[in-house]
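All remarks here apply to the structure that follows.
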Amino acid sequence: MDAGQDHLWLSGDEDWGGSAKQPSPGDDNSGLPKLWPTPSDDSAKGWLRQTLRPIAPRLLLPMAWSPFFLVITAVPLILPDRAPIDDQTAVAVFFTLSWLLILVPLYLFRSSQPTHVGSLHTLPFDWLLFTLACLVFGLHVLINPILGWVSYGLFWLAWFRTYTMIRDVVIKPSGRWLLPVNPSSWNATDGLSDGWDIVSEFWTSAPIARLNVDSGQIILTGVSRGDDRFLALSLIGPAGFVHDPFADNLAHEALSEEQVTITGLDWPTSLRPS
């Protein structure tokens, strides 16, 4: 987002729903506990929420096509020798597409978020049941062809369980909270309460500190916008996606007391919500 869109940097594009989610300055219902200051008419210091691009709308199309290809995977097996290509090739192509339409968008969308989690196995995907289905499919060649249909049923079960896992991720709002700071005067030991795992004592655009909670890790990261520097507070869930930490009950409980002990700088006028 270029400098001419500073007014959208916090709320995001209108089609993200960000304008409705961005709290007004000093709003007691902003989602932060009262000990966490937000800007008001009397002060330009405090935390403001940045709405990140939601995942769900971008997943809708590939998730809609994925079960279609999984369904037609069985067609060449039920009606053999009717496809324009070899039946086994058709099955392999349809089957591969059905799962790539889930895994590839998930990985790309997660990588587009401000997160440092890159491991494929942490994606919201039922790897255990998928692996079991693959093993059963392999056994159908050695033991009994009927196991091929058993594995097909297991693949469908893995698909539905994966859908549930993805749903649980995307229903959580994507966002983080920002505080303007002077990077040269920031020191993690002095600026954070006890309990944080400090990664860097000084301000950096990489993770500065982590706080473990039952629903993932609360991450404090440095963020830049033009000449301005910020601390960003977000929740990284087990699947590696970025969530608003104050929208998660377990993280909210851990943050019920002020964890960042500095008040920060005044918000730049160009970035403050109108």
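FYI, the numbering for the sequence shown is 1 to 274, going by the numbering used here.
Note that the Cβ used here is the ideal one computed from N, Cα and C, for glycine as well.
Between V242 and T162, the C-beta spacing is not below 8 Å. Taking the CA atoms as reference points, A254 sits about 10 Å from G195. A residue is called buried once 16 or more other Cβ atoms fall within 10 Å of its Cβ, and Q88, having fewer, is exposed. Excluding its 5 nearest sequence neighbours in each direction, P183 has C-beta neighbours in its own chain below 6 Å: W203, R229, listed in chain order.
With respect to the C-alpha of L108, the residue from F94, L70, L123, T96 having the closest C-alpha is L123. Shown here, Q113 sits in coil according to DSSP, grouped into three states, outside any helix or strand. With a threshold of 16 other beta carbon atoms within 10 Å, R110 meets it and is buried. The closest CA to that of L235, considering only G12, P84, K172, is found on K172.
DSSP, reduced to helix, strand and coil, places S224 within a strand of the structure shown. By the neighbour-count criterion, in which 16 or more other beta carbons inside 10 Å mark a residue as buried, R167 falls on the exposed side.
In the same chain as G175, and ignoring 5 residues on each side of it, the C-beta atoms closer than 8 Å to its own belong to K21, R49, Q50, T51, L52, S234, V242, H243, D244, A247, in chain order.
Judged by their CB atoms, I78 and F94 are not nearer to each other than the 8 Å cut-off. If you ignore the 5 residues before and after V136, its C-beta comes within less than 8 Å of the C-beta of L147, V150, S151, L154, all in its own chain and listed in chain order.
Comparing C-alpha distances from L192 to each of W156, L129, E258 shows the shortest one belongs to E258. Under a 10 Å Cβ-count criterion, G237 is classified as buried, with 16 or more other Cβ atoms of the shown protein chains found around its own Cβ. Leaving aside the five residues that flank A44 on each side, the residues in its chain whose CB is nearer than 6 Å to its CB run, in chain order, D266, W267. C-alpha of C134 to C-alpha of P105: approximately 22 Å in a straight line. Assignment of N249 by DSSP, reduced to helix, strand and coil, places it in the helix class. By the Cβ-count criterion, L61 is exposed, with fewer than 16 other Cβ atoms from all chains shown falling within 10 Å of its own Cβ. Per DSSP, L211 is one residue of the beta strand (DSSP E) stretching across 207 to 213. In the structure shown, the three-state DSSP call for G216 is strand. DSSP places G175 in no alpha helix (DSSP H) but in the uninterrupted beta strand (DSSP E) bounded by 175 to 180.
If the five residues before and after S205 are omitted, its C-beta is found closer than 6 Å to the C-beta atoms of G222, all from its own chain and listed in chain order.
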